[in-house]
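Asks: First to last, the protein sequences are chains A and B. Residue numbers for the first sequence, in this note's numbering: 1 to 527. Residue numbers for the second sequence, in this note's numbering: 1 to 527. Every residue gets a Cβ at the ideal spot worked out from N, C-alpha and C, and that includes glycine. The structure presented is a predicted model; accordingly, all values stated were derived computationally and were not measured.
There are 2 protein chains.
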Amino acid sequence: MITGKNYIGDQQSANGQTTYTTFNPQLNIENSHVFTEATVDEINEATRLASEAFKTFRSISGEKKAHFLNAIADEILALDDELITTYCSETGLPEGRAKGERGRTVGQLRTFAELVGEGSWVEATIDTAEPERQPMPKSDIRKLMVPLGPVVVFGASNFPLAYSTAGGDTAAALAAGCPVIVKSHPMHAGTGELVASAIIRAADKTGMPNGVFSNLNSRGIEVGTQLVKHPKVKAVGFTGSIKGGRALYDLAAQREEPIPIFAEMGSINPVVILPKAIKNRGEALAKTYASSITLGTGQFCTKPGLLLGIESDALSHFVTTLSEEIVNIEPSCMLHPNIVGAYETNKAKAIAQTDLTVGVDYNSEVQPNYAKQTITIVKGSTFIENPTLHQEVFGPYSIVVQCEGANQLEQVISKLEGQLTGTVIADDTEAANYAEVISALQNRVGRIIYNGVPTGVEVCPSMVHGGPYPASTDSRFTAVGIHSIKRWVRPFSYQDWPNELLPSELKNENPLEITRTLNGKFTNQKI
Amino acid sequence: MITGKNYIGDQQSANGQTTYTTFNPQLNIENSHVFTEATVDEINEATRLASEAFKTFRSISGEKKAHFLNAIADEILALDDELITTYCSETGLPEGRAKGERGRTVGQLRTFAELVGEGSWVEATIDTAEPERQPMPKSDIRKLMVPLGPVVVFGASNFPLAYSTAGGDTAAALAAGCPVIVKSHPMHAGTGELVASAIIRAADKTGMPNGVFSNLNSRGIEVGTQLVKHPKVKAVGFTGSIKGGRALYDLAAQREEPIPIFAEMGSINPVVILPKAIKNRGEALAKTYASSITLGTGQFCTKPGLLLGIESDALSHFVTTLSEEIVNIEPSCMLHPNIVGAYETNKAKAIAQTDLTVGVDYNSEVQPNYAKQTITIVKGSTFIENPTLHQEVFGPYSIVVQCEGANQLEQVISKLEGQLTGTVIADDTEAANYAEVISALQNRVGRIIYNGVPTGVEVCPSMVHGGPYPASTDSRFTAVGIHSIKRWVRPFSYQDWPNELLPSELKNENPLEITRTLNGKFTNQKI
Numbered sequence: 001m002i003t004g005k006n007y008i009g010d011q012q013s014a015n016g017q018t019t020y021t022t023f024n025p026q027l028n029i030e031n032s033h034v035f036t037e038a039t040v041d042e043i044n045e046a047t048r049l050a051s052e053a054f055k056t057f058r059s060i061s062g063e064k065k066a067h068f069l070n071a072i073a074d075e076i077l078a079l080d081d082e083l084i085t086t087y088c089s090e091t092g093l094p095e096g097r098a099k100g101e102r103g104r105t106v107g108q109l110r111t112f113a114e115l116v117g118e119g120s121w122v123e124a125t126i127d128t129a130e131p132e133r134q135p136m137p138k139s140d141i142r143k144l145m146v147p148l149g150p151v152v153v154f155g156a157s158n159f160p161l162a163y164s165t166a167g168g169d170t171a172a173a174l175a176a177g178c179p180v181i182v183k184s185h186p187m188h189a190g191t192g193e194l195v196a197s198a199i200i201r202a203a204d205k206t207g208m209p210n211g212v213f214s215n216l217n218s219r220g221i222e223v224g225t226q227l228v229k230h231p232k233v234k235a236v237g238f239t240g241s242i243k244g245g246r247a248l249y250d251l252a253a254q255r256e257e258p259i260p261i262f263a264e265m266g267s268i269n270p271v272v273i274l275p276k277a278i279k280n281r282g283e284a285l286a287k288t289y290a291s292s293i294t295l296g297t298g299q300f301c302t303k304p305g306l307l308l309g310i311e312s313d314a315l316s317h318f319v320t321t322l323s324e325e326i327v328n329i330e331p332s333c334m335l336h337p338n339i340v341g342a343y344e345t346n347k348a349k350a351i352a353q354t355d356l357t358v359g360v361d362y363n364s365e366v367q368p369n370y371a372k373q374t375i376t377i378v379k380g381s382t383f384i385e386n387p388t389l390h391q392e393v394f395g396p397y398s399i400v401v402q403c404e405g406a407n408q409l410e411q412v413i414s415k416l417e418g419q420l421t422g423t424v425i426a427d428d429t430e431a432a433n434y435a436e437v438i439s440a441l442q443n444r445v446g447r448i449i450y451n452g453v454p455t456g457v458e459v460c461p462s463m464v465h466g467g468p469y470p471a472s473t474d475s476r477f478t479a480v481g482i483h484s485i486k487r488w489v490r491p492f493s494y495q496d497w498p499n500e501l502l503p504s505e506l507k508n509e510n511p512l513e514i515t516r517t518l519n520g521k522f523t524n525q526k527i
Numbered sequence: 001m002i003t004g005k006n007y008i009g010d011q012q013s014a015n016g017q018t019t020y021t022t023f024n025p026q027l028n029i030e031n032s033h034v035f036t037e038a039t040v041d042e043i044n045e046a047t048r049l050a051s052e053a054f055k056t057f058r059s060i061s062g063e064k065k066a067h068f069l070n071a072i073a074d075e076i077l078a079l080d081d082e083l084i085t086t087y088c089s090e091t092g093l094p095e096g097r098a099k100g101e102r103g104r105t106v107g108q109l110r111t112f113a114e115l116v117g118e119g120s121w122v123e124a125t126i127d128t129a130e131p132e133r134q135p136m137p138k139s140d141i142r143k144l145m146v147p148l149g150p151v152v153v154f155g156a157s158n159f160p161l162a163y164s165t166a167g168g169d170t171a172a173a174l175a176a177g178c179p180v181i182v183k184s185h186p187m188h189a190g191t192g193e194l195v196a197s198a199i200i201r202a203a204d205k206t207g208m209p210n211g212v213f214s215n216l217n218s219r220g221i222e223v224g225t226q227l228v229k230h231p232k233v234k235a236v237g238f239t240g241s242i243k244g245g246r247a248l249y250d251l252a253a254q255r256e257e258p259i260p261i262f263a264e265m266g267s268i269n270p271v272v273i274l275p276k277a278i279k280n281r282g283e284a285l286a287k288t289y290a291s292s293i294t295l296g297t298g299q300f301c302t303k304p305g306l307l308l309g310i311e312s313d314a315l316s317h318f319v320t321t322l323s324e325e326i327v328n329i330e331p332s333c334m335l336h337p338n339i340v341g342a343y344e345t346n347k348a349k350a351i352a353q354t355d356l357t358v359g360v361d362y363n364s365e366v367q368p369n370y371a372k373q374t375i376t377i378v379k380g381s382t383f384i385e386n387p388t389l390h391q392e393v394f395g396p397y398s399i400v401v402q403c404e405g406a407n408q409l410e411q412v413i414s415k416l417e418g419q420l421t422g423t424v425i426a427d428d429t430e431a432a433n434y435a436e437v438i439s440a441l442q443n444r445v446g447r448i449i450y451n452g453v454p455t456g457v458e459v460c461p462s463m464v465h466g467g468p469y470p471a472s473t474d475s476r477f478t479a480v481g482i483h484s485i486k487r488w489v490r491p492f493s494y495q496d497w498p499n500e501l502l503p504s505e506l507k508n509e510n511p512l513e514i515t516r517t518l519n520g521k522f523t524n525q526k527i
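#1: Once you ignore the five residues that flank D428 of chain A on each side, which residues in its own chain have a CB closer than 8 Å to its CB?
#2: For T321 of chain A, which residues in the same chain have their Cβ closer than 7 Å to its Cβ, ignoring the five residues on either side in sequence?
#3: Excluding five sequence neighbours on each side, which residues of the same chain lie with their C-beta closer than 6 Å to the C-beta of L109 of chain B?
#4: For T517 of chain B, return the contacting residues in chain A, with the cut-off set at a CB-CB distance below 7 Å.
#5: What span of residues does the beta strand (DSSP E) with L148 of chain A cover, start to end?
#6: Of all the options B:D80, B:K486 and B:N524, which has the alpha carbon lying nearest to the alpha carbon of G177 of chain B?
#7: State the CB to CB distance for the pair V236 of chain A and I221 of chain A, rounded to an integer number of angstroms; the pair is presumed to be in contact (CB under 8 Å).
#8: Mind listing the chain B neighbours of T473 of chain A? Cutoff is C-beta to C-beta under 7 Å, in chain order.
#9: Using only alpha-carbon positions, find the residue among A:V228, A:N24 and A:D10 that is nearest to P337 of chain A.
#10: For chain B, is any of its Cβ atoms less than 8 Å away from the one on Q408 of chain A?
#11: Please state the DSSP three-state secondary structure of G467 of chain B.
#12: Tell me, please, whether the CB atom of P275 of chain A is closer than 8 Å to any CB atom in chain B?
#13: Anything in chain A within Cβ reach of S139 of chain B, meaning under 7 Å, just list it in chain order.
#14: Below 9 Å between beta carbons is the criterion; list the residues of the stretch 76–92 of chain B that meet it against any residue of chain A, in chain order.
#15: So the alpha helix (DSSP H) A235 of chain A belongs to, where does it begin and stop?
#16: Using a Cβ-Cβ cutoff of less than 7 Å, which residues in the same chain neighbour Q411 of chain B once the five nearest sequence positions on both sides are dropped?
#17: List in chain order: all unbroken beta strand (DSSP E) runs of 3+ residues lying wholly within the stretch 298–347 of chain A.
#18: Does V272 of chain B pass the burial test, meaning 16 or more other C-beta atoms within 10 Å, or should it be called exposed?
#19: List the residues that DSSP assigns as beta-bridge partners of G422 of chain A.
#20: By the 10 Å Cβ neighbour count, where 16 or more other Cβ atoms means buried, how is G467 of chain B classified, buried or exposed?
#21: Mind listing the chain A neighbours of R447 of chain B? Cutoff is C-beta to C-beta under 7 Å, in chain order.
#22: Return the residues of the stretch 210–237 of chain A that lie within a Cβ-Cβ distance of less than 8 Å from chain B, sorted by chain order.
#23: P137 of chain A to D496 of chain A, Cα distance in whole Å?
#24: Figure out for me which residue from A:P503, A:I375 and A:L420 has the closest Cα to the Cα of E435 of chain B.
#25: Contact check, A75 of chain B vs P160 of chain B under 8 Å by CB: the rounded distance?
#26: Identify, in the order they occur along the chain, each residue of the same chain with its Cβ nearer than 6 Å to the Cβ of V116 of chain B, setting aside the five sequence neighbours on each side.
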């Protein structure tokens with residue numbers, strides 16, 4: 001049941017005066033639940049509880065954390081229709097998407113449960129003593145990963161389940177042993193509260209300390225600002241715009257004690273279509289890309305927003321076909337009136353640039369909050385000179401850049417800011433002839449795709465969802481997959497520590513039977 | 001031969017007007033060589049060359065990088081007496097220390113050569129395709145670590161070899177595939193130039209691209225500031241003071257494209273001496289700690305600057321013995337007149353605080369630039385209330401804090417800022433009775449030591465040299481050991497990439513025979 005209150009640990013609380021509602025973009029009406037923004041006192045209490053909870057949560061067993069994470073997954077599934085209905089009413093997204101995203105969210109939680117239940121993720125590294133070594137005896141040193149402390153998570157507007165309240169950042173932080181305080185996204189506050197209630201029930205059922213999770217409502221920037229500046233907060237996860245992510249990055253960096261922040265932000269996901277491929281498969285590619293650009297109303301962070309080719313009749317034909325294909329796709333609803341508004345504004349700003357041609361701009365009337373898909377075309381030289389054209393337009397929009405040749409293609413890529421993904425479309429052995437273009441692309445992205453589309457982010461250990469700034473604020477980490485846990489942990493060494501006082505992961509007898517690096521060799525043996 | 005010039009790639013250059021000399025603190029005279037600070041043009045050229053070199057250096061084989069790193073080690077050893085003499089003349093440190101540090105430096109280079117020569121360090125992670133998977137086929141995704149780009153290294157005053165020109169930061173960055181630009185430390189510019197010449201010779205002999213290494217002289221902050229702000233620079237390593245490290249951290253964070261910086265800064269390295277231990281072994285401990293506090297004239301970042309105990313006759317006796325032992329140690333030379341000056345100023349500031357007792361202040365006359373060792377004593381309540389007493393005094397100074405009981409001991413620890421190390425001195429099963437004290441200490445440090453001293457940082461995979469701010473600017477990394485390479489690399493994914501275009505580390509046939517994670521299992525098998 002949605003109450004509109006905050007969760008300050010396991011207590012519901014709504015002491016504030018600022019209230020707000022969510023919006024149903026399909027019906028174009030406000031939803032009925034009223035949410036109360038967290039107060040400064042509630043923020044302080046949530047961080048105090050998180051800090052207290054950390055004292056025990058940071059060293060509970062992987063087995064217990066696994067129970068907790070699996071229980072969260074179970075409790076989310078138990079929310080059943082209420083969650084799906086609320087999700088759809090707050091996002092305009094269809095039921096199939098809601099269920100798919102729930103599946104992904106539950107899958108992520110269970111994957112992290114498996115990871116910490118097994119235990120080898122702590123990267124246990126042991127160098128045993130050499131008391132006889134000359135000129136100095138060598139100590140026994142043993143290292144493992146330990147959690148940083150309370151983590152604040154800012155959910156994404158476009159992933160109300162998989163990258164919000166119990167999404168990837170939260171799952172990874174709890175798995176690491178970090179209490180989590182979620183700054184609830186105002187556009188899906190009801191979905192957020194329901195998921196928060198599932199986490200609180202799971203924490204209660206599995207005996208987690210109170211404060212291991214809190215969920216704070218907020219409409220504006222104040223709650224988030226106070227959280228990032230709070231001395232008891234030790235790390236921040238964010239998914240959203242460059243403007244929002246950079247503002248939080250700056251706050252985190254300006255603290256007396258700077259803290260790590262991982263912000264996954266903007267990307268236009270360049271796609272390089274090489275000449276032979278466009279000649280031989282132009283029509284099929286146009287169809288594939290019309291679909292990828294409009295998938296989820298263009299609201300994926302991996303939407304291909306930049307298609308790069310070399311001038312040719314085949315490229316011109318591709319643009320024509322892409323325009324025809326995309327205009328035949330039925331427009332769909334965006335997440336919120338503000339998001340449609342921003343889409344139209346940013347698109348208009350792009351279109352207003354000089355020397356840019358509009359390939360197609362869906363020109364029939366659409367329902368309120370529905371997005372009109374658009375393709376524009378520009379020359380390579382124009383694109384290079386105009387950084388405005390490099391900016392992400394969040395929604396079903398993409399720009400085709402016609403380059404004079406391979407050199408200009410490489411120049412265009414080198415001028416780009418960091419990106420989540422890059423894609424190369426090539427025929428047979430064609431890619432080998434564009435080594436410098438591909439090398440330049442690799443240097444700008446976190447993931448490179450061959451003959452595919454960037455949309456669709458597989459949750460698996462080999463996935464990188466991140467990349468050079470501004471794709472993320474720290475390219476050394478990924479937001480997706482089990483290695484995303486590395487954002488919330490630090491290495492810690494014990495020197496000559498008594499075996500009975502060591503954590504299980506480092507004890508001589510290796511009671512958890514985990515894989516460790518013992519004197520330079522991977523092994524699950526005892527010492 | 002020392003020329004006083006910069007290395008801009010493999011060219012020596014001295015176009016600037018600002019010159020300076022180094023100082024011999026033992027003889028209390030200026031050394032004769034004159035060094036010329038790098039100009040803005042020279043800085044721009046060094047970064048341009050580094051950026052160009054990165055295009056090839058980032059993908060050369062591990063085998064070639066290993067040759068390069070081993071050649072640097074060989075060339076450093078070939079510098080022979082000239083290096084040792086110059087080192088001693090610029091630091092006041094004895095020949096034995098110079099040779100020991102050279103051994104460590106060479107050892108670090110060879111360890112990284114071994115690491116990248118073997119190749120498994122890239123954490124290759126492969127998830128093969130499942131074309132038949134429902135509801136969506138699964139792509140083939142393969143991940144490995146790739147270098148960030150040109151790295152700027154600021155050497156440490158107190159480690160002219162092991163943490164300077166070819167020290168840990170440089171060795172790790174070159175091993176990762178990042179070109180390095182060293183901002184030479186002005187106090188040992190001659191040592192720096194000699195080592196730079198060794199690196200340049202090694203790069204030439206092993207066919208590395210020009211620009212893979214540059215060495216820039218600088219006396220003030222301008223060269224370093226320009227380097228950290230330079231768009232072509234992609235990461236920064238620093239070892240030094242909190243003030244210097246924080247200033248660089250702020251510059252790196254304020255860039256249009258923020259870049260990672262790892263600064264290893266200050267630490268007072270708290271030592272908790274539990275009651276039974278101090279009762280049974282007080283005199284031996286006093287002797288051990290008098291030696292650790294004065295080791296290298298107290299100029300190690302792991303010097304024990306804070307000794308914590310619970311009030312008792314045994315603690316009082318320990319303080320008396322410590323004072324007697326330390327005053328009997330012959331004073332030694334500090335690195336530079338400025339460093340001695342800062343030591344005396346900071347020590348005087350500490351001593352001037354109210355309710356503080358001076359245990360012993362070496363009061364005989366000493367040679368110029370020699371430090372007078374000092375012990376002070378304070379109550380726990382006074383220490384908690386006065387943050388000035390928590391600050392590092394770089395040199396042979398330590399403060400003993402007498403706490404009322406275990407609770408106050410825990411309070412003192414919880415009030416401390418982040419530290420490189422914490423030490424627990426305990427008898428038999430005593431430590432188990434102080435679980436909360438030890439837990440609080442673990443939460444503040446990067447490495448915890450049992451019944452030892454914090455000085456002496458073993459270079460091995462399990463070592464953490466780092467810790468919560470301000471011990472470092474990012475506790476998620478270590479500055480020592482093979483894992484320090486992680487500071488300079490990012491994960492990168494290939495999706496459905498053709499086998500022939502993949503880097504060797506990810507190819508089906510596993511030509512390097514490295515250990516990889518293949519569909520969740522560690523293996524060195526082919527696919």
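Replies: The answer reads as follows:
#1: Taking the first sequence and counting its residues from 1, the one referred to as residue 428 of chain A is at position 428. K276, listed in sequence order.
#2: As a working mapping, residue 321 of chain A is identified with position 321 in the first sequence. These residues qualify, in order along the chain: G282, E283 and A286.
#3: Against the second sequence, residue 109 of chain B aligns to sequence position 109. Closer than 6 Å at the Cβ level, and outside the excluded window around L109 of chain B, lie L69, I72, A73 and A171.
#4: Looking up residue 517 of chain B in the second sequence gives position 517. Correct list: P461.
#5: Looking up residue 148 of chain A in the first sequence gives position 148. Here L148 of chain A belongs to no beta strand (DSSP E), and DSSP marks it neither H nor E.
#6: Indexing the second sequence from 1 puts residue 177 of chain B at position 177. Taking only the C-alpha atoms, the option nearest G177 of chain B is B:K486.
#7: Working through the first sequence from its first residue, we reach residue 236 of chain A at position 236. Working through the first sequence from its first residue, we reach residue 221 of chain A at position 221. Not confirmed; about 14 Å, so no contact.
#8: On the first sequence, residue 473 of chain A is found 473 positions in, with the first residue counted as 1. Those are P258, listed as they occur along chain B.
#9: Here residue 337 of chain A refers to the residue found at position 337 of the first sequence. Cα-wise, what sits closest to P337 of chain A is A:N24.
#10: Sequence index remark: in the first sequence, residue 408 of chain A carries index 408 (1-based). Not closer than 8 Å to any Cβ of chain B, the Cβ of Q408 of chain A fails to qualify, so no.
#11: Mapped onto the second sequence, residue 467 of chain B falls at position 467. Coil, per DSSP.
#12: As a working note, residue 275 of chain A is residue 275 in the first sequence. No, its Cβ sits nowhere closer than 8 Å to a Cβ of chain B.
#13: Residue numbering aside, residue 139 of chain B sits at position 139 when the second sequence is read from its first letter. Ordered by position in chain A, the residues that pass the 7 Å Cβ test against S139 of chain B are G452 and E458.
#14: none
#15: For the purposes of this step, residue 235 of chain A is taken as the residue at position 235 of the first sequence. No alpha helix (DSSP H) holds A235 of chain A; the beta strand (DSSP E) holding it covers A235 to T239.
#16: Here residue 411 of chain B refers to the residue found at position 411 of the second sequence. Closer than 7 Å at Cβ, skipping near neighbours: I384.
#17: 306–310
#18: Residue 272 of chain B sits at position 272 when you count from the first residue of the second sequence. It counts as buried.
#19: In the first sequence, counting from the first residue as 1, residue 422 of chain A sits at position 422. A:I448.
#20: Position 467 of the second sequence, counting from 1, holds the residue named residue 467 of chain B. Buried, by the Cβ-count rule.
#21: Position 447 of the second sequence, counted from the first residue, corresponds to residue 447 of chain B. Scanning chain A for C-beta atoms nearer than 7 Å to the C-beta of R447 of chain B yields S493 and Q495, reported in chain order.
#22: Under the 8 Å Cβ criterion, the stretch 210–237 of chain A contributes no residue.
#23: Here residue 137 of chain A refers to the residue found at position 137 of the first sequence. Here residue 496 of chain A refers to the residue found at position 496 of the first sequence. Cα to Cα, the separation comes out at about 12 Å.
#24: The sequence position of residue 435 of chain B within the second sequence is 435, counting from 1. According to the sequence displayed, residue 435 of chain B carries Ala and not Glu. Ranking the options by Cα distance to A435 of chain B, first place goes to A:P503.
#25: Locating residue 75 of chain B in the second sequence gives position 75, where the first residue counts as 1. Locating residue 160 of chain B in the second sequence gives position 160, where the first residue counts as 1. Residue identity differs from the one stated: residue 75 of chain B is Glu in this sequence, not Ala. Contact doesn't hold; Cβ gap of about 17 Å is too wide.
#26: Locating residue 116 of chain B in the second sequence gives position 116, counting from the first residue. Within the same chain, V116 of chain B has close Cβ partners G62, K65, A66 and A175.
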